[in-house]
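Taking it in order: structure first as structure tokens, then the write-up.
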Amino acid sequence: MIVETVPVPVAGETSFEPAVQSLIQQAVSVAKSRGRTDIAESLSTQLAARHGDGATVVVVGETKRGKSSLLNALLGWSALPVEQDVATNVHIVLRYAAQTIALVHRVSAGGPQEIPLGEVAEWATVAGNPGNTKGVQGVEIGLDHPLLAQGLRLVDTPGVGGLSAAHREITLAALARADALVFVIDADAPLSRPEFAFLRQAARRIATVLFVLTKIDAYAEWEAILECDRKLLRMHAPELAPAPFYPVSSHEKADADASGDDDLGRESGVPALEAVLTERVAGRARLLSLANLVQTTREAVATLDAPERAAMEVAEDGPALEQALQATELRQREYAAQTEGWANTVTMDFQRRVRHPLDREFRRRLLELSVRYEARIRSPERRLETIPDDLHTELRAIAADLQTMLVAATAELVVDLADQFDLSSGSSVSDQLSAGGGSLEFAPLKPQDRQRGDDLSQKLRGLTLLFGGASSGRLLATLLPGGLLLGAGVGVLVGAVAWGTGEWLRRKLQDEQEAMAVLRRALDTARVEIEADLRDHLLDAQRLVQEEIRSRIEQRRRELAELGARHRASAQADRAGRKAAGVEARRRLAETETLRRSLRDVQVEMTL
Amino acid sequence: MSELRESVVSICDRALAGLEAGAVQTGVARVRHRLLEPLRVAVAGRVSAGKSTLVNALLGQRVAPTAAGECTQVVTWFRYGDADRAELRLRDGSTVPLALRPDRSLPSTLGAELEAVDSVSVWLSNRNLDDMTIIDTPGLATLTESSAARTAELLAVRSCGAVSEADALVYVITHDAREDDRQILAEFRSQFGSLRVSALNTVAVLNKVDKLAGDGADARDAAHPIAERIGRELGPTVAWVTPIVSLLAETTEAGRLDERRAGQLQMLADMPRERRRLALASGRRFVADDTLPLEPAQRRELLALLDLYGLRSAVSAVDTGRTGALPLTDELRTRSGIDDLRSLLMRAFTRRADVLKADAALSALRGLARQTTDRRSGQVLGAELRAGSERLAVLPEMQQLREMEALHQVASGRIQLPSELHEELRRMATGESVQEKLFFEGGAAEDDLLRAAFERADRWRALRNDPRRCPAEKRIAYVMGLSYAALIGELQPVSERTDSAESPLPLPTSPGSRS
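Each protein sequence line maps, in turn, to chains A and B.
Going by our numbering, the first sequence opens with residue 26, and the numbers climb by one from there.
Going by our numbering, the second sequence opens with residue 646, and the numbers climb by one from there.
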């Protein structure tokens, strides 16, 4: 049964959206009137691309803690398999779709394959797909539900404390690209050591963690357990102590939906969780992307102002003009010296800061994997039947983590290089020259105000702030094929690693020797496939960084040269002409000044 | 006492006669004493698994205090005694009497520093303790909220210590075997102590299965597939998994459902069904709903005794005409799963007490002989053990001991067997009928059984002749060969046996005796 939930109004997004839209439209028309169609187009494109924004929430917990029931309760829906012993064994991504659709992503098949919604259990559970012999990488379900329509993507994961360390690895890989972690525990027993081990690893990869305490209907003493969990967190994972807890009863919510009992619905605690997911997580993500767009627009407008400021300078008279000319020439020489040999710097830095750490990490992970699996194969609890699938999952996790690392390291490098070569679009040449730059005091939404830690999304946002959406988008699209746009969950889970013939994946293992052989095959595959993939990605990334830096340095040099030329030209031109140009420039600056002020105001409001 | 146990006692006696006073002698005396005691069964599990509640249910009286979260802090031994009494055993070896409360339950505080206490012993004139000593252990919190890490360590050491002093283990799991449970069991398995945890001496209890059931359904039905899966997953360590609702078991076994409470349940049952269902949808609702026919205190009491599942089961039992305290108690006790657990403990532990006792004692004696620094004592004990094992070898129960030893070897990971052969070994050691041991479900023709037995015996013989296999594996193959020979003997009527009928394994001289 599908029950409509009342969408919670999202203060941030809905109230700012129209104002921001109209400001960007203004900026687009100003850019057109100044002959900068490139800027106009870039802004329009980014505005149009906004509907794809959203937040990915990964739902994690030990087996039988009630994850799938919780998701069903959140969606007022009962399509996720929740029977007593039908544990989920692959990731399930729930996202918005106008028409209900279920897709299964498999290792062998070319693309996703559509399946009837009723058959999800056959692909995604231990009972329907034991040992994942069907080679399922992930199941994707599209639903028309208000919660998802807000831009939320929910990822249901196999239990972390269950059998498989492989599931833990791939879940961690997905977390690095998600916006929030919902950690599900129940009112039966306090948090355990394996749960803490996972949480501590997770906290390094994601800043927003919410705890959900399920089954409060079934345990009269749930408050004592909640208190105990809080104490344990303060003691063993203080960095997570401030994370909020949401006690819920999925059972009561289902009852309330069936009977229309609103009081029971509220008591179930599910609506409160729904509200926080839409407001705090989805709303926040949209607000943030909106704020980024405002920042990009402000920078674009500043770019439009640069020639006008220069025109004002050259409209000056006598000694002032002479001074400006000298300063420009000096800066030009300095900049040439500063950026001499840039290509070498980029190459060296890329090797040192991206390629080598990635190579090392790849080798380290493979070594760690082989040590861990050798030990497992020798232990009495080796569970031979799941070894091929687990190895496959672990390798996907390694590939995904390397990709994430590549993006983060490249983004960091680009930001630092831009700093080193004065390439930030916020600091245009003329601003540096005209001391103080007048009205361009920044009030950007600093990523670090938003969250603790330095997760991937923060680095990516830094990249966006720096280069604006269009060019960082191109960089990212190359580095993270499909991933970012599809949503973290699907991106990671449907890893794009080729597996040769993958024959070892389907082997039924009999004994230790066969298991060792499969382990060796898996490691060989990784060395061939992942390493080749990695090398391609590294080459692409390096080329992109190089191009990006080259074109920006050239542009900056050109700007400086043009400015010098104009100074020299106006030194020879007549006074009246200079005056007229100065007046026109002043008018244009006044025009953008209003726009900039409004942009800044809306930005300040958004950060409040 | 069986011949097997007597033989092990006589090994002790002979050794004691030859030993001089010292650590080895004390150790052997302790082993001997323990052999004559009832079977020691430890109840262990992670925090909040409901161990003490289960202990109370097994005792049939509410003796151990129970509460949410960390509660039991010391190891408690429940032994048979003519008069009910309790004492604290302190770490310095002294004992202090502990007063039981008027209802014969233990006080919730001990009146002594936790760190100074070694254990609590309780003697009860309780027929459930006739053939079993029960050891309740603190929850194996892999994490603890007690700020002193030392306390946590202490509790863990105490629990592991208590488990290693037991002959058999009841491991309590809730809902599903979690990562913690696996780690704890693995620790037990690798523990050096006389109890070597393996499938033969460990029963897992899947507790709180009531939380898995839907409205009105019997929780045990919902739990059986999970219990079966856990059995497969924990195969090397646990042979039997049985579902239980320990709270319901405690309440019914301790006779706490009296006529007054039965009357209250009757009043609840008399309400309109839909109203009743909503009131019992959650504990909060049930306590907070003041329009219900019972006083708030009565409702809280009922909830504490039965929980929602018990309440729902009770009202539907009333619907089918089971009114009054006795019929209700019977119905709820059946639903609690305690009857199944008792019969399982009877089959798995009590009936095999001799083998379990003998195994624990022999392993303790071998440990003493190996570990002592006193060379002479070690030699004396070693010689007695060797002489004794020859006498033991001819006893019929000896084959069970050999199977048990093989299973320990595999469970501890010292020997790797292909999983199919491992499962065969487990079946052979724990199966209760010829059919079960040969992987037949339900009835099977004798010929089929016989053929299957011969085929399986052949496989083990092949393994034994495989030059790539190590001696330890061959020893297991030898033991299995003997077991199949015994099975075939059981299946083949004596009259049909002829000299020409090929015995699957001409009983060779034991390669095991070399070790």
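In this text, a Cβ means the ideal position worked out from N, Cα and C, and glycines have one as well.
Note that the coordinates shown come from a computational prediction; the quantities given were computed from them, not determined experimentally.
For this session: Please report how far the alpha carbon of glycine 738/B lies from the alpha carbon of valine 762/B, in whole angstroms.
Result: Here the question's residue 738/B lines up with position 93 in the second sequence. Here the question's residue 762/B lines up with position 117 in the second sequence. The straight-line gap from Cα to Cα measures roughly 10 Å.
For this session: Answer yes or no: do valine 55/A and leucine 318/A have a C-beta to C-beta separation smaller than 8 Å?
Result: For the purposes of this step, residue 55/A is taken as residue 30 along the first sequence, with counting starting at 1. For the purposes of this step, residue 318/A is taken as residue 293 along the first sequence, with counting starting at 1. Taking 8 Å as the Cβ cut-off, valine 55/A and leucine 318/A do not qualify as a contacting pair.
Problem set entry | Under 8 Å between C-beta atoms of glutamine 571/A and alanine 368/A | Translated into the one-based positions of the first sequence, residue 571/A becomes position 546. Translated into the one-based positions of the first sequence, residue 368/A becomes position 343. Yes, Cβ-Cβ distance for glutamine 571/A and alanine 368/A is below 8 Å.
Exercise. Is valine 306/A helix, strand or coil when you go by DSSP?
Worked result: Walking along the first sequence from the start, residue 306/A turns up at place 281. Three-state result, valine 306/A: helix.
Exercise. Listed from N- to C-terminal order along the chain, which residues in the region 223-244 of chain A have their beta-carbon within a distance smaller than 8 Å of any beta-carbon of chain B?
Worked result: Lys240, Ile241, Asp242, Ala243, Tyr244
Exercise. Quick one: any contact between the region 749-769 of chain B and the region 726-734 of chain B, if contact means 3 or more CB pairs under 8 Å?
Worked result: yes
For this session: May I ask you to report which of helix, strand or coil DSSP gives alanine 232/A?
Result: Indexing the first sequence from 1 puts residue 232/A at position 207. Reduced to three states, the DSSP call for alanine 232/A is coil.
Exercise. Does proline 710/B come within less than 8 Å of chain A when only Cβ atoms are used?
Worked result: On the second sequence, position 65 is the one that residue 710/B refers to. No, no contact with chain A.
Exercise. Going by Cα to Cα distance, which pick from Ala316/A, Ala214/A, Leu200/A, Tyr244/A is closest to leucine 224/A?
Worked result: Along the first sequence, one-based indexing puts residue 224/A at 199. Nearest option by C-alpha distance: Leu200/A.
For this session: Residues of the region 86-105 of chain A with a CB closer than 9 Å to any CB of chain B: list them in chain order, please.
Result: Glu87, Thr88, Lys89, Arg90
Exercise. Is valine 553/A closer than 8 Å to leucine 416/A when the C-beta atoms are compared?
Worked result: On the first sequence, residue 416/A is found 391 positions in, with the first residue counted as 1. On the first sequence, residue 553/A is found 528 positions in, with the first residue counted as 1. It is not a contact, given that the beta carbons lie outside the stated cut-off.
For this session: Between the Cα of proline 183/A and those of Arg611/A, Asn157/A, Leu438/A, Ala425/A, spot the shortest distance and give me the residue it belongs to.
Result: Working through the first sequence from its first residue, we reach residue 183/A at position 158. Residue Asn157/A is the option with its Cα nearest to proline 183/A.
For this session: Say whether chain B places a C-beta atom closer than 8 Å to the C-beta of glutamine 535/A.
Result: Translated into the one-based positions of the first sequence, residue 535/A becomes position 510. Chain B contact via Cβ: present.
For this session: Indicate whether at least one CB of chain B lies closer than 8 Å to the CB of proline 296/A.
Result: Position 271 of the first sequence, counting from 1, holds the residue named residue 296/A. Answer no: the Cβ-Cβ gap between proline 296/A and chain B never drops below 8 Å.
Problem set entry | chain A within 8 Å of threonine 819/B, Cβ atoms only | As a first step, residue 819/B must be located in the second sequence, where it is residue number 174. By this cut-off, threonine 819/B is an interface position.
Exercise. Three-state secondary structure (DSSP) at serine 217/A?
Worked result: Taking the first residue of the first sequence as 1, we reach residue 217/A at position 192. Serine 217/A: coil per DSSP, three-state reduction.
Problem set entry | First through last residue of the alpha helix (DSSP H) which encompasses phenylalanine 387/A | Working through the first sequence from its first residue, we reach residue 387/A at position 362. Residues 381-403.
For this session: Using a cut-off of 8 Å between C-beta atoms, extract the partners of alanine 926/B located in chain A.
Result: Here the question's residue 926/B lines up with position 281 in the second sequence. Residues of chain A passing the Cβ test: Asp242, His276, Glu277, Asp280, Leu289.
For this session: Could you pull the start and end residues of the beta strand (DSSP E) that alanine 80/A belongs to?
Result: Reading the first sequence from its first residue, position 55 is the one you call residue 80/A. 80-86 is the span of the beta strand (DSSP E), which, as asked, contains alanine 80/A.
Exercise. Is it right to say serine 275/A is buried, meaning 16 or more other beta carbons lie within 10 angstroms of its own, or is it exposed?
Worked result: Walking along the first sequence from the start, residue 275/A turns up at place 250. So serine 275/A counts as buried.
Exercise. Any C-beta of chain B sitting closer than 8 Å to the C-beta of aspartate 213/A?
Worked result: For the purposes of this step, residue 213/A is identified with residue 188 of the first sequence, where counting begins at 1. Chain B contact via Cβ: present.
Exercise. Just checking, does the region 774-786 of chain B make contact with the region 655-670 of chain B on the three C-beta pairs under 8 Å criterion?
Worked result: no
For this session: Look at the alpha carbon of alanine 674/B and the alpha carbon of glutamate 1029/B, and state the distance between them as a whole number of angstroms.
Result: Translated into positions along the second sequence, residue 674/B becomes position 29. Translated into positions along the second sequence, residue 1029/B becomes position 384. Cα to Cα, alanine 674/B sits roughly 14 Å from glutamate 1029/B.
Exercise. Which bits of chain A does glutamine 909/B rub up against, with CB to CB less than 7 Å?
Worked result: Reading the second sequence from its first residue, position 264 is the one you call residue 909/B. Going along chain A, no residue has its Cβ under 7 Å from glutamine 909/B, so there is no contact; the nearest lies around 17 Å.
Problem set entry | Cβ separation of leucine 289/A and phenylalanine 270/A, assumed to be a contact under 8 Å, to the nearest whole Å | Taking the first residue of the first sequence as 1, we reach residue 289/A at position 264. Taking the first residue of the first sequence as 1, we reach residue 270/A at position 245. In fact, because the Cβ distance is near 21 Å, the residues do not count as touching under 8 Å.
Exercise. Excluding the five sequence neighbours on either side, which residues of its own chain have a C-beta within less than 7 Å of the C-beta of leucine 1132/B, listed in chain order?
Worked result: For the purposes of this step, residue 1132/B is taken as the residue at position 487 of the second sequence. Correct list, in chain order: Val1079, Lys1082, Ala1098.
For this session: Verify the CB distance criterion: does arginine 545/A have a CB-CB separation below 8 Å to chain B?
Result: As a first step, residue 545/A is located in the first sequence; it is residue number 520 there, counting from the start. No, no contact with chain B.
For this session: Please name the residues in the region 133-156 of chain A whose beta-carbon is closer than 7 Å to at least one beta-carbon of chain B, in chain order.
Result: none
For this session: Give a yes or no on whether the minimum CB-CB distance between proline 1063/B and chain A is below 8 Å.
Result: By 1-based counting over the second sequence, the position of residue 1063/B is 418. Chain A contact via Cβ: present.
Exercise. In the DSSP assignment, what residue or residues form a beta bridge with phenylalanine 270/A?
Worked result: As a working mapping, residue 270/A is identified with position 245 in the first sequence. In DSSP, phenylalanine 270/A forms a bridge with Phe236/A.
For this session: Sort out for me which residues DSSP pairs arginine 730/B with in a bridge.
Result: Against the second sequence, residue 730/B aligns to sequence position 85. For arginine 730/B, which the question treats as bridged, DSSP gives the partners Trp768/B.
For this session: Can you pull the chain A residues whose beta carbon is under 7 Å from the beta carbon of aspartate 825/B, in chain order?
Result: Residue numbering aside, residue 825/B sits at position 180 when the second sequence is read from its first letter. Neighbours of aspartate 825/B on chain A, chain order: Ser217, Arg218, Pro219.
Exercise. Lysine 57/A: buried (16+ other C-beta within 10 angstroms of its C-beta) or exposed?
Worked result: Looking up residue 57/A in the first sequence gives position 32. Looking at its Cβ environment, which holds fewer than 16 other Cβ atoms inside 10 Å, lysine 57/A is exposed.
For this session: Please classify alanine 557/A: is it buried, with 16 or more other beta-carbons within 10 angstroms of its beta-carbon, or exposed?
Result: Within the first sequence, residue 557/A is the residue found at index 532, counting from 1. Exposed: under 16 other Cβ atoms inside 10 Å.
For this session: Could you have a look at serine 464/A and say whether DSSP puts it in helix, strand or coil?
Result: Locating residue 464/A in the first sequence gives position 439, counting from the first residue. Residue placement at serine 464/A is flagged as unreliable, the pLDDT there being 27, under the threshold of 50; a coordinate-derived value is accordingly withheld.
Problem set entry | Continuous alpha helix (DSSP H) assignments of at least 4 residues falling wholly in the region 1009-1095 of chain B | 1020-1038, 1043-1056, 1064-1075, 1079-1082
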